Every structure is written in C-alpha cells, then in structure tokens.
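Novice: Just so it is clear: in the sequence shown, position 317 is 317 by the UniProt record's numbering, and no numbers are missing.
Virtual Cβ for every residue (Gly too), placed ideally from N, Cα, C.
Values in this document were obtained by computation on a predicted structure and should not be read as measured data.
Below are the structure tokens for one structure; questions will follow.
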Amino acid sequence: MRHGGTDCLPHPPQDLPNPPNRWNLREMRYGLSYSDVMEQTNAQLIEDCVLIAQQHGTESQPVPAGPDGLSVVRARHPSQIRLTLYHPMICLVLQGAKEIQHRNGAVGFAAGETALVSHELVTGARITQATPDRPYVALACRIDPEILRGLQAEMEPGTIDAARGEAVAAGTAEQGVVDAMTRLFRLRDRPLEERILGPMIRRELHFRVLLSRHGSMMRQLSQPGSPASRIARAISHIRQHWDAPLRTQDLAAVAGMSASSFHEHFKAITATSPIQYQKALRLALARERLVDGEETVSPIAYAVGYESPTQFSRDFRRAYGVPPKDSRAVPL
C-alpha cells in the first residue's frame, strides 16, 4: 500500500490534455509539468478542506462541507484506537493515513486511496499519519441506499456478483470517483449549481462506486433479498431501538432469515454479535452526547440503556481510554 501518493488526486481540469504526449506544448508555454499542475490542484483542495475544519473549530471529526452528505475531516496528530460510528460511506484521503479495525485486523488507507464502508458499523479506528504541518485530511460522502437501488435497477443483471461478506475495503482511488467527489465539493459555495447539479453529481458518484473495484459490497447492499441487504435491515432496527432489549429471534425475523443464518451473516459483516453491536452503539452515542452537550455522566449512562453508571464508566474507559468525565478533551 502506498502512503502519501498523489498521482490520482484529483483529475486535471477538462481543458488540459492528458500526459504524456500532448503535455509538452503546454509545459513549454507555462513552465509547468503535468505533475506540477496535479500537485497544485491537490494542494488547493487540501487547503480548502483544512479551512472548513478550522472555521468549525473541530479536530478528527466530520464537518459538513456543502452538498448533503459530504464532509471533511482534519486531524493534526495520530490517535489511539477509538470506537467510531460509521454510516455507509466513501472516504477519499488527500493527506496522511488512517485505519479502521475490522474482523481480526485493520484496513489501512492513505493519501491517494479511498475507503468504502457498506453498512452502519461501530468499530475501532485511528489516525496513523498526521502532523500539525501535514495533517490528515479527507473528504467523505455518505452513501444513500435508495440511490444505489435505483441505479442497480437500471444496470445489466450481469453486474450483480456474489457477496464476499465484506463491509470495509480500501484501495487506490479510481479516477471517476475522485472526479465526482471533487466536483461535488466545489459546489459548496455555489447555491444554484449545488441545487441543480448536486443531485446529478451525487448520483454519478454512487454509480462510480457501484462499478469500482470494491463496488461488489454496495451492489449486494442494493440487491433486495441478499444477505447484505437483510443484515442492513437488522442493523437499522438496532439503531432505531438501541435502548431496548434485543432478542436474536426478533432480529432474525426482521432480516427474514433463520436464527443460525442471521447470526452467521451478522458476524461476517459487523465482526461482532448483535448484543456487542448494541453495546458499542450505546457507548458511541453516549460519547457524542458527552462531547456535544453539558449533560453529566449518570443521566447519559441511564439514557443509553445502562442500569449502572459505574458499569458504564468501566465500559467507556475500555472503549476510549479515558473516563467519561474526561471525554471532551479527547477528539472524536
């Protein structure tokens, strides 16, 4: 895996010829090589993302960046593994590196690469490369299952392939994905263009994701009746009833699967059991409330379903490395 590469970030403006044969004339006229233009364009994109994060005063957490579902993340320091709540999304790393814990290992991704998450997951993640001078910077866009289903219905049946049980994947950024995300980001200060072009570019981005190297995860998610879509229904049920007791039989019924099949596929996708997933979700939601509000620990512990604030504090420290009362000092 490369770290720090920028050969794919982002595509040059459409009026510029592609290298190498037709670039010499432009290089002679302006004194700039193709790689120079690519580097300058990427540098401007990083600068814009950092500025948005600075304006919001945030560190290591998503900041809305214009069109619905698009956000930027900046982190100036490496971090310890933190329990993190993920929605289906695609993340384009512009600078630095990060990793997401999944199953028995970690999925790492660095500058010039994308990470794809197909389901709503609660899992460990950490920034692995970042400094104040060269912070971790990334663009992320939430994936809309409805858009995926609409596109899948228009695609040839042959584009549907077998599921491999993946929920997190990473690899070299594909040019079509980079182009669409960059153009979507550029709409943030253009209200009219955002209103007219935003939905079209978002749809294009979803299409590019479906056809990408790891698009099989999303194609399975958008296919009615697939194990991936059934587990997504069960996860949604847990998210909506996160403070209620869980029974595997009830979740299996929501998914339309037998109890044994449900348990097998749920663990394959989330790397955990439904009960463990709910516990991690409660802790992640409590973390958000502790950071965002003025509530004290005990009311939050009870609100997220714990019967004992002491047990909540133990679980929280195990997940985040600090007691709940100190959580505001630690970036998300």
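Is leucine 70 helix, strand or coil when you go by DSSP?
Specialist: In the structure shown, leucine 70 sits in a strand (DSSP, three-state: E or B).
Novice: Which runs of the alpha helix (DSSP H) at least 4 residues long sit entirely within the stretch 209-244? Give them in chain order.
Specialist: Segments of the alpha helix (DSSP H) lying fully in the stretch 209-244: 216-221 and 227-240.
Novice: Please state whether DSSP places histidine 119 in a helix, a strand or coil.
Specialist: Three-state DSSP puts histidine 119 in coil, outside helix and strand.
Novice: For glutamine 249, I'd like the list of residues in its chain whose CB is within less than 8 Å of its CB, leaving aside the five on either flank, ordered along the chain.
Specialist: These residues qualify, in order along the chain: Ala259.
Novice: Below 8 Å on the Cβ atoms is my guess for alanine 138 versus valine 93; work out the distance and round it to an integer in Å.
Specialist: That pair is a contact at about 5 Å.
Novice: Got a sec, what are the start and stop residues for the alpha helix (DSSP H) valine 177 sits in?
Specialist: Unbroken alpha helix (DSSP H) run through valine 177: 175-185.
Novice: Can you list, in chain order, the residues of its chain with a C-beta nearer than 6 Å to that of arginine 29? Leave out the 5 residues immediately preceding and following it.
Specialist: For arginine 29, the predicted structure reports a pLDDT of 42, less than 50, and the residue's modelled location is therefore unreliable. A value from the coordinates is still provided. Answer for arginine 29: no residue qualifies.
Novice: Where arginine 134 and glycine 96 are concerned, what is the direct C-alpha to C-alpha distance, given to the nearest angstrom?
Specialist: Answer to the nearest angstrom: the Cα atoms are 7 Å apart.
Novice: Taking buried to mean at least 16 other C-beta atoms within 10 Å of its own C-beta, is threonine 131 buried or exposed?
Specialist: Threonine 131 should be labelled exposed.
Novice: Are serine 118 and leucine 184 touching if we call contact CB-CB under 8 Å?
Specialist: For serine 118 and leucine 184, no; Cβs fall outside 8 Å.
Novice: Determine, using beta carbons only, whether isoleucine 269 and isoleucine 231 come nearer to each other than 8 Å.
Specialist: For isoleucine 269 and isoleucine 231, yes; Cβs fall inside 8 Å.
Novice: I'd like to check one pair, valine 304 with serine 327: are the Cβ atoms closer than 8 Å?
Specialist: The answer is no: Cβ separation not under 8 Å.
Novice: Spell out a yes or no on whether the stretch 273-287 and the stretch 234-246 are touching, meaning 3 or more CB-CB pairs, one atom from each, closer than 8 Å.
Specialist: Output reads yes: the stretch 234-246 touches the stretch 273-287.
Novice: Alpha helix (DSSP H) containing glycine 150: first to last residue?
Specialist: 145-154 is the span of the alpha helix (DSSP H), which, as asked, contains glycine 150.
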